[in-house]
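K.L.:
Just passing along the structure, written as structure tokens.
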Amino acid sequence: MSGSGELVVNALGRRVPTVVNDAEQVPFQGVGKHHPEGRKHAPPVRSSQNYPPSGDKRVADLKTALEECGLADGMVISTHHHLRNGDQVALATLTAAAGLGAKDLMWFPSASFPCHEPVIDFMERGVVHHIEGSMNGPLGRYCSEGKMRGMGVLRSHGGRWQAVQDGEVKIDIAVIAAPTADAFGNADGSHGPSACGSLGFALADSIYADRVIVVTDHLVDFPCIPWQIQGNNVDYVVEVDSIGDPAQIVSGTTQVTRSPDRQLIAEYVARFIRDSGIMRDGFSFQAGAGGIALAFIGYLREMMREAGVKARFVRGGSTEHLVSLLQEGLTDYILDGQTFDLAGVASIGEDPRHVATSPFTSYNHHGKGNFATMVDAVVLGATEVDVDFNANVNTHSDGVLLHGIGGWQNCLFSPCSILAVPAFRDRIPVIVDEVATVTGPGELVDVVVTERGIAINPRRHDLLDAVGGSDLPIRPLAEIKEEVEAIVGGPPRKPRLTDRPVAVIKWVDGTVLDTVWQVQG
Amino acid sequence: MAGTRKEGDVTGTAGPAGDDVRSDLNVSVELASSGGIQVELTSKVEALYGDSIRQGASEVLRALGVEHARVAVDDKGALPFVVAARVEAAARRAGVQGAAPPPRSAPLGNPSPRDRLRRSRLYLPGSQPKLFINAGLHRPDAVILDLEDSVHPDEKDTARLLVRNALATIDFRGAERMVRINQLPLGLADLDEVAPQQPDLILIPKVERPEQVEEVHGHLATVRSESDGDRPVWLMPIIESALGVENAFAIASAADTVVALTIGLEDYTADLGVPRSAAGTESAYARARLVNAAHAAGVQAIDSVFSDVADMDGLLAWARASRALGFEGMGCIHPRQIQPIHMGFSPTPEELEKALRIVAAYEEAQSRGLGVVSLGTKMIDPPVVLRARRVVDQAKAAGLVAGEKGGDR
């Protein structure tokens, strides 16, 4: 591993490296305190006369495309996670690169899934040097055990846009999986046998990468309508038999939690949003596809019906549950970041009120504003929350890196960010004295809802006042923590970690928020 | 209590094993003659609580008088009260005698009033401890820690220890703590283990004759006489056969600690040899007879369970009809059934408003020394006043009357 410079203590009191993968870092300065300057990164100048006048940019296969792109050792190769656990394009890309003898690549996925476990082999063989992106399951463990040659860098969806726009990450070749595309490179995610919904995660790469390859298993005659990715940014188009496993791309249906305890949490969240006055005509909220979030949508729907209240927009990841709100007229729009089930994909393909968004519109730090601050309430999860409301979504309580950030950090900018979590899982406390890793600073976490009560951040006098007269179980977070410790047999032992950084958690502005340390073997 | 070791049995195993186990554990205890207590632990929470699990297992064994044993624990994140119960069960299966109840850590609330609200009682299978810990959060009037039908015959010994430990360590948030024991005589052994942990009420299954109630009542007196003072342990016999229905009044009157009668419709309809229908026509007589017997004996009549957990509208309708028949509560097999049941067994707003007006009119008549109570142009008969008072009392207890705290159950 390359050096990590010295370790410094950032504004949140966390020890962080000053150098990551040979690049100088800015330690976290506090929310809203870092003001980067300069001009945005730009890809090389290209000219249309160098592209086929017929518009046909097809080449024989991925290997040829990579070769034409000038694949070389040490390059940054990006792929995207809109095909989720069904994705076959990332591994096909690395396989083709390995076939060309490439070494020391940096893989820059927008997120990884369990299906990407074989990337470990590419790292073992020297094809991939390190990963900057979410590392789930086996990849996270591999990194935590200190086996990756470079340091992992975890960014939010908005932080990935920030890093691409300000040149922190310069993508050499972007490979975009397209459920539908034409030979010019126009691409769409909402149609075709591998339809997934939005291609928003690939948008930045299509604009800023030096070279762009579109890979599709559903080629249509020009024009591909609608186009979410513009062919004018695309160098080559590759046709393959299959880009992914449809069963793993979207679920047939998304399951509401059946756990009575999680249903109780979901009910508390909905009651909080109603009783605090957030639920009013024209409001907005975001809820993803987790079991609690889906159950929450069900409870809120009942309350909206009862009160005769309608939302202006809701944000996904969309599912049949959000789609049913749209169809019932309980919201004017779905602004969709990704699409989780068949009902969501059908809706985004057919209903003009169901709109695909990207991290640029939703979350980008270098945008002139973004949607995240405009969503009245968001419902999120977490692995751990401490008594200062700092929250961790990246590592388990034993310090092992197991999850990415996704849009989680960006969503904290909502005027009411709600973490809906059980107070403990099995015997593992979720409400703790100090989180193993800080993914979100406590000052941005407004409400923690557990089955044992609702804790409101003391900074939010307004929210405390708003629910003052309600019969909701509002309690201090420290009191819930003590109750949990009495149940699970005292506070957990601190994770046993080494002093060697193996990954960093970036804040949305590109500064280093926290460090993931190698676990003791 | 120090234990003694029987010759022959040296190994005992307890608890579920397999990849899909959560919040539980499998324990093997092999008694040895030397080497102290050695705990071999595999645990998903090893990094956080490994030491605590090893220590907890050793403490239980020492409390049982075991000095040398090899213990294998495969833990999937079980809470300490579960670890202790499974270790004790494995040791007992290895032939160790004695008991190692945990010290009381849960608050022991006020003694349960004889006629408290018993609208909902949530069944918790005694061998599934992971369902115990959050049961009180769903605000049932009562929880039933079940040792009978939901527990496999081979697991009765372990379930008993799990329930005992739960009574000592879990805060059920004010829910009445009920235990359903097995049919006699096995049920008497259940009482030996759980009664010292101060349950509020014992459900006696498949009661057909008053003598069964008397036997439980008498046995409880002997188990509890040592230290438990005057804290009551109420009885709720379950009528589950045609003979039980015929003897319902005698059963309800068999002991002064009987506070309620309830009915088990699955077994009752099986006894009749007819299928249990959604409408319940086949059990109409038995339920009406039970209500009458209970009221004649001055105890509460409590209905059976509603088995379709997905049908909330059907449940509410059933609860409303049940209340109209004279029942005061019913069982729940899922926490989400609790709120509809509370709604169904509470007075409707219109009913409550009318009752409040009648009571107010009565009180005004009393204060003015009038013998006749009237509301508007109608004269109110004494039984109407009585019924109205009852509705108001129920509503107050359920916290439905403004300004009346009444408690949350």
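Here the protein sequences line up with chains Y and G, keeping their order. Per the numbering used here: the first sequence = residues 17 to 537. Per the numbering used here: the second sequence = residues 7 to 415. By construction, the Cβ of each residue, glycine as well, lies at the ideal position given by its N, Cα and C atoms.
Should G/D152 be labelled buried (16 or more other beta-carbon atoms within 10 Å of its own) or exposed?
P.N.:
Within the second sequence, numbered from 1, the residue matching residue 152 of chain G stands at position 146. Buried.
K.L.:
Which parts of the segment 87-135 of chain Y are runs of the alpha helix (DSSP H), unbroken and 4 residues or longer, counting only runs that do not cross its ends?
P.N.:
DSSP runs (the alpha helix (DSSP H)) wholly in the segment 87-135 of chain Y: 105-115.
K.L.:
Closest to Y/P457 by C-alpha separation, out of Y/C427, Y/G213 and Y/A439, would be which residue?
P.N.:
In the first sequence, residue 457 of chain Y corresponds to position 441, counting from 1. It is Y/C427.
K.L.:
What is the C-beta distance between Y/D226 and Y/I187, in whole angstroms, given that I count them as a contact (C-beta under 8 Å)?
P.N.:
Position 210 of the first sequence, counting from 1, holds the residue named residue 226 of chain Y. Position 171 of the first sequence, counting from 1, holds the residue named residue 187 of chain Y. Indeed they touch by this definition, with Cβ atoms about 7 Å apart.
K.L.:
Which residues in the same chain as Y/N152 place their Cβ atom closer than 7 Å to its Cβ, once the five residues preceding and following it in sequence are excluded?
P.N.:
Along the first sequence, one-based indexing puts residue 152 of chain Y at 136. Result list for Y/N152: S128, F129, P130, L418, H419 and G420, in chain order.
K.L.:
Quick check on the burial criterion: 16 or more other C-beta atoms within 10 angstroms. Buried or exposed for Y/T269?
P.N.:
Position 253 of the first sequence, counting from 1, holds the residue named residue 269 of chain Y. Exposed, by the Cβ-count rule.
K.L.:
Taking the beta carbon of G/P341 as the centre, do at least 16 other beta carbons fall within 10 Å, making it buried, or is it exposed?
P.N.:
In the second sequence, counting from the first residue as 1, residue 341 of chain G sits at position 335. When all chains shown are included, G/P341 counts as buried.
K.L.:
Quick one: using the 10 Å Cβ neighbour count with 16 as the cut-off for buried, is G/H158 buried or exposed?
P.N.:
Start at 1 with the first residue of the second sequence, and residue 158 of chain G comes out as number 152. When all chains shown are included, G/H158 counts as exposed.
K.L.:
Just curious, the alpha helix (DSSP H) that Y/A220 is in, first and last residue?
P.N.:
By 1-based counting over the first sequence, the position of residue 220 of chain Y is 204. That run of the alpha helix (DSSP H) goes L219 to Y224.
K.L.:
How close, in whole Å, do the beta carbons of Y/T335 and Y/A286 come, if the pair is a contact with beta carbons under 8 Å?
P.N.:
Numbered from its first residue, the first sequence carries residue 335 of chain Y at position 319. Numbered from its first residue, the first sequence carries residue 286 of chain Y at position 270. Contact doesn't hold; Cβ gap of about 16 Å is too wide.
K.L.:
Closest Cβ-Cβ distance between G/R127 and chain Y: below 8 Å?
P.N.:
Here the question's residue 127 of chain G lines up with position 121 in the second sequence. G/R127 does not count as touching chain Y.
K.L.:
Taking three-plus beta-carbon pairs below 8 Å as touching, is the segment 246-259 of chain G in contact with the segment 292-300 of chain G?
P.N.:
Yes: the two stretches touch, three or more of their Cβ pairs being nearer than 8 Å.
K.L.:
Classify G/E13 as helix, strand or coil using the three-state DSSP reduction.
P.N.:
Taking the first residue of the second sequence as 1, we reach residue 13 of chain G at position 7. The predicted position of G/E13 is uncertain, since its pLDDT is 49 and thus under 50; a value taken from the coordinates is nonetheless stated next. The answer is coil: DSSP assigns G/E13 none of H, G, I, E or B.
K.L.:
Within its chain, find whatever has a CB closer than 8 Å to the CB of Y/W533; leave out the 5 residues flanking it on each side and keep chain order.
P.N.:
Your numbering for residue 533 of chain Y matches position 517 in the first sequence. G415, L513, T514, D515, R516, P517 and V518.
K.L.:
Relative to the C-alpha of G/G405, which residue among G/E52, G/A327 and G/L123 is closest?
P.N.:
By one-based count along the second sequence, residue 405 of chain G stands at place 399. Closest option to G/G405, Cα to Cα, is G/L123.
K.L.:
Compare the C-beta of G/A106 with all C-beta atoms of chain Y and state if any pair is closer than 8 Å.
P.N.:
Looking up residue 106 of chain G in the second sequence gives position 100. Closer than 8 Å: no.
K.L.:
Only counting the same chain, and skipping five residues up and downstream in sequence, which positions put a Cβ closer than 6 Å to that of Y/S258?
P.N.:
On the first sequence, residue 258 of chain Y is found 242 positions in, with the first residue counted as 1. Here the set comprises D233.
K.L.:
How many whole angstroms separate the CB atoms of G/A16 and G/A100, which I take to be in contact at a CB cut-off of 8 Å?
P.N.:
In the second sequence, residue 16 of chain G corresponds to position 10, counting from 1. In the second sequence, residue 100 of chain G corresponds to position 94, counting from 1. It should be pointed out that residue 16 of chain G corresponds to Val in this sequence rather than to Ala. Between G/A100 and G/V16 the Cβ distance is about 6 Å, and since that is below 8 Å, they are a contact.
K.L.:
If you compare alpha carbons, which of Y/V401, Y/A398 and Y/Y379 is closest to Y/V391?
P.N.:
Within the first sequence, residue 391 of chain Y is the residue found at index 375, counting from 1. The shortest Cα separation from Y/V391 among Y/V401, Y/A398 and Y/Y379 belongs to Y/Y379.
K.L.:
Could you check what DSSP says for Y/Q246 in three-state terms: helix, strand or coil?
P.N.:
What you label residue 246 of chain Y is simply residue 230 of the first sequence in a count that begins at 1. Reduced to three states, the DSSP call for Y/Q246 is coil.
K.L.:
Are the segment 190-199 of chain Y and the segment 217-231 of chain Y touching by the rule of at least three beta carbon pairs closer than 8 Å?
P.N.:
With a cut-off of 8 Å, the segment 217-231 of chain Y and the segment 190-199 of chain Y count as touching, because enough Cβ pairs lie within range.
K.L.:
Could you pull out every unbroken alpha helix (DSSP H) segment of at least 4 residues lying fully inside the segment 169-222 of chain G, listed in chain order?
P.N.:
Counting whole runs of 4 or more residues, the segment 169-222 of chain G contains the alpha helix (DSSP H) stretches 192-200.
K.L.:
Can you check whether the C-beta of G/R395 is within less than 8 Å of a C-beta belonging to chain Y?
P.N.:
Here the question's residue 395 of chain G lines up with position 389 in the second sequence. Closer than 8 Å: no.
K.L.:
Suppose you measure from the CA of Y/I308 to the CA of Y/G324; what does that come to, to the nearest Å?
P.N.:
Indexing the first sequence from 1 puts residue 308 of chain Y at position 292. Indexing the first sequence from 1 puts residue 324 of chain Y at position 308. If I take the Cα positions, the gap works out to 24 Å.
K.L.:
Taking only runs of the beta strand (DSSP E) that begin and end inside the segment 441-471 of chain Y, which ones reach a length of at least 3 residues, in chain order?
P.N.:
Qualifying beta strand (DSSP E) stretches, in chain order: 463-466.
K.L.:
For G/L54, go through chain Y and note every residue whose CB falls closer than 7 Å to its CB, in chain order.
P.N.:
For the purposes of this step, residue 54 of chain G is taken as the residue at position 48 of the second sequence. Simply S413, D414, I444, P508 and R509.
K.L.:
What residues in its chain sit with their C-beta under 8 Å from that of G/S380, if we drop five residues either side in the sequence?
P.N.:
Locating residue 380 of chain G in the second sequence gives position 374, counting from the first residue. A367, A371 and I386, listed in sequence order.
K.L.:
With contact counted as at least three CB pairs below 8 Å, one residue from each stretch, are the segment 207-220 of chain G and the segment 189-198 of chain G in contact?
P.N.:
Because the criterion of three Cβ pairs below 8 Å is met, the segment 207-220 of chain G and the segment 189-198 of chain G touch.
K.L.:
What does the Cβ neighbour count give for G/Y291, buried or exposed, with the cut at 16 atoms within 10 Å?
P.N.:
Counted from its first residue, the second sequence places residue 291 of chain G at position 285. Exposed is the call here.
K.L.:
Do we get a CB-CB distance below 8 Å when we pair Y/V504 with the residues of chain G?
P.N.:
For this step, residue 504 of chain Y is matched to residue 488 along the first sequence. Chain G, which has a Cβ nearer than 8 Å to the Cβ of Y/V504, makes this yes.
K.L.:
Could you check what DSSP says for Y/Q41 in three-state terms: helix, strand or coil?
P.N.:
Residue mapping note: residue 41 of chain Y aligns to position 25 of the first sequence, counting from 1. Here Y/Q41 sits in coil by DSSP.
K.L.:
Between G/L226 and G/S29, what straight-line distance do the alpha-carbon atoms span, to the nearest angstrom?
P.N.:
Here residue 226 of chain G is taken as the residue at index 220 of the second sequence, counted from 1. Here residue 29 of chain G is taken as the residue at index 23 of the second sequence, counted from 1. Roughly 32 Å between the two C-alpha positions.
K.L.:
Assuming Y/S374 and Y/L342 make a contact with CB atoms under 8 Å, what is their CB distance in whole Å?
P.N.:
Here the question's residue 374 of chain Y lines up with position 358 in the first sequence. Here the question's residue 342 of chain Y lines up with position 326 in the first sequence. That belief does not hold up - the Cβ atoms of Y/S374 and Y/L342 are roughly 20 Å apart, past 8 Å.
K.L.:
Suppose only complete runs of 4+ residues qualify. What are the alpha helix (DSSP H) ranges in the segment 140-214 of chain Y, listed by chain order?
P.N.:
Listed in chain order, the complete alpha helix (DSSP H) runs (minimum 4 residues) inside the segment 140-214 of chain Y are 153-160 and 173-181.
K.L.:
With a threshold of 8 Å between beta-carbons, can G/N6 be considered close to chain Y, or not?
P.N.:
There is simply no residue 6 of chain G to check, as chain G begins at 7 and stops at 415 in what is shown.
K.L.:
Can you find the residues in the same chain that come closer than 7 Å, C-beta to C-beta, to G/E13, ignoring five residues on each side of it along the sequence?
P.N.:
For this step, residue 13 of chain G is matched to residue 7 along the second sequence. Any reading at G/E13 must be qualified, since the residue scores a pLDDT of 49, below 50, and its modelled position is unreliable; the value itself is stated next. Result list for G/E13: empty, nothing under 7 Å.
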